[in-house]
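Visitor: Sharing a structure here in structure tokens format.
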Amino acid sequence: LTATAESPEIAFENPEIDASQNESIEVGGETWLVADISETEEGGGHGGGATTVVTATLEREYTAETSETLANGSTVSVDDREWRVEIAGENATEFTLVEV
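Put into structure tokens, the structure is as follows:
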């Protein structure tokens with residue numbers, strides 16, 4: 127079984143994983159979805175035996191939570207542009223970004 131994923135890549139050699147398409151598996155402490163499984167024949171030309179290659183596409187969802195404290199009048203960078211933070215009131219739940 128050969129398994130590939132986009133960033134990060136993982137690969138297995140002779141794994142002991144029994145999985146079906148659209149099933150979740152755990153590898154290295156991470157949960158992956160088996161998005162696709164395909165089987166192809168390679169080689170076998172000139173009288174030689176063909177080799178069956180099974181390929182699986184695995185997907186993993188990653189959620190990152192971040193937070194930041196913004197002070198009134200401070201400057202932040204968003205999309206390579208500089209913005210000034212404007213907060214109205216002491217306990218405001220909203221802020222405005224004004225391009226510098």
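Take any residue in the sequence shown, count from 1 to its spot, add 126: that is its number in the working numbering.
Backbone N, C-alpha and C define an ideal beta-carbon position, used for all residues, glycine too.
Tell me, please, which residues DSSP counts as bridged to S146.
Guide: The count along the sequence shown starts at 1 and reaches residue 146 at position 20. Note: S146 sits in no beta bridge, so no partner.
Visitor: If you draw a straight line from the alpha carbon of E225 to that of E208, how long is it in whole angstroms?
Guide: The residue given as residue 225 occupies position 99 in the sequence shown. The residue given as residue 208 occupies position 82 in the sequence shown. In a straight line, the C-alpha of E225 is about 6 Å away from that of E208.
Visitor: Can you tell me whether DSSP reads G173 as helix, strand or coil?
Guide: Position 47 of the sequence shown, counting from 1, holds the residue named residue 173. The answer is helix: DSSP assigns G173 an H, G or I state.
Visitor: Which residue wins for smallest C-alpha separation from D205, given the options A190, N198, L223?
Guide: Here residue 205 is taken as the residue at index 79 of the sequence shown, counted from 1. When only C-alpha atoms are compared, the closest one is L223.
Visitor: Between the C-alpha atoms of S146 and L159, what's the straight-line distance to the nearest angstrom?
Guide: Translated into the one-based positions of the sequence shown, residue 146 becomes position 20. Translated into the one-based positions of the sequence shown, residue 159 becomes position 33. One C-alpha to the other measures close to 10 Å.
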